[in-house]
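Trainee:
Residue numbers (the UniProt record's numbering): 1 to 184.
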């Protein structure tokens, strides 16, 4: 099954997974740069290590961070790949899931353009479900879904209270694939 990606950009913020790593988890994130602003290319520049610290005062606080995700899903559903899913993207930071530390080792990171105070778009849920289904065919052990807030509680809040796990489940149910959602 082909991955539903509209553009590919190669982030330098990635490396090889441990040789014994098995992808079992997809982590859902939310990002907007600057905070609360959608559109523009700041997220892409951030993940590529090319963020201009003078373009916005907030950028000075994050310009040195080396962060990436495997995918970014824009508000309109457009999907950008930054790191091949076989490699380790640097999206989770200090994290733990089901007794395992270092979630970057065994997860796929998917950023949704958004924040804690804005509902996500229907197109994002549609594309997220399509992407997760395609990834599941490539990584059959990837059955767990979690928010960044679930793997780094107290440190992260995304995708936030307005992300609807039910809306995602509704779209994934017809695929016939079984998923483990957070808090279930």
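C-beta atoms are modelled at their ideal positions from N, C-alpha and C, and glycine is treated no differently. All of these numbers come straight from a predicted model, not from anything done at the bench.
Hey, could you find the ends of the alpha helix (DSSP H) residue 125 is sitting in?
Mentor: Residue 125 -> alpha helix (DSSP H) spans 122 to 138.
Trainee: DSSP on residue 152, reduced to helix/strand/coil?
Mentor: Three-state result, residue 152: coil.
Trainee: Quick one: is residue 19 buried, meaning 16 or more other Cβ sit within 10 Å of its Cβ, or exposed?
Mentor: Under this definition residue 19 is an exposed residue.
Trainee: Run through DSSP, which three-state label would residue 86 get?
Mentor: Note: residue 86 maps to coil in three-state DSSP.
Trainee: Does the distance from the CB of residue 11 to the CB of residue 82 come in under 7 Å?
Mentor: Closer than 7 Å, so yes.
Trainee: State the CB to CB distance for the pair residue 72 and residue 129, rounded to an integer number of angstroms; the pair is presumed to be in contact (CB under 8 Å).
Mentor: Actually they do not touch by this definition, with Cβ atoms about 16 Å apart.
Trainee: Counting pairs of Cβ atoms below 8 Å between the stretch 43 to 62 and the stretch 160 to 177, do you hit three or more?
Mentor: The stretch 43 to 62, when compared against the stretch 160 to 177, does not touch it at the 8 Å Cβ threshold.
Trainee: Can you tell me which of 112, 105, 123 puts its alpha carbon nearest to the alpha carbon of residue 25?
Mentor: It is 105.
Trainee: Consult DSSP for residue 20 and reduce its assignment to one of helix, strand or coil.
Mentor: Three-state result, residue 20: coil.
Trainee: Expressed to the nearest angstrom, what Euclidean distance is found between the alpha-carbon atoms of residue 180 and residue 109?
Mentor: The alpha-carbon atoms of residue 180 and residue 109 are separated by roughly 16 Å.
Trainee: In this structure, does DSSP put residue 97 in helix, strand or coil?
Mentor: Three-state DSSP puts residue 97 in a strand.
Trainee: For the candidate residues 119, 63, 56, whose alpha-carbon lies nearest to that of residue 40?
Mentor: Taking only the C-alpha atoms, the option nearest residue 40 is 56.
Trainee: Please classify residue 84 as buried or exposed, where buried requires at least 16 other C-beta atoms within 10 Å of its C-beta.
Mentor: With fewer than 16 Cβ atoms within 10 Å of its Cβ, residue 84 is classed as exposed.
Trainee: Going by DSSP in three states, residue 171 sits in which element: helix, strand or coil?
Mentor: If DSSP states are grouped into helix, strand and coil, residue 171 belongs with the helices.
Trainee: In the DSSP assignment, what residue or residues form a beta bridge with residue 146?
Mentor: The partner list for residue 146 (beta bridge, DSSP) reads 27.
Trainee: Give the DSSP bridge partners of residue 8, in chain order.
Mentor: The partner list for residue 8 (beta bridge, DSSP) reads 81.
Trainee: Just tell me which of 65, 115, 70, 153 has its CA closest to the CA of residue 98.
Mentor: Of the candidates 65, 115, 70, 153, the one whose C-alpha sits nearest the C-alpha of residue 98 is 153.
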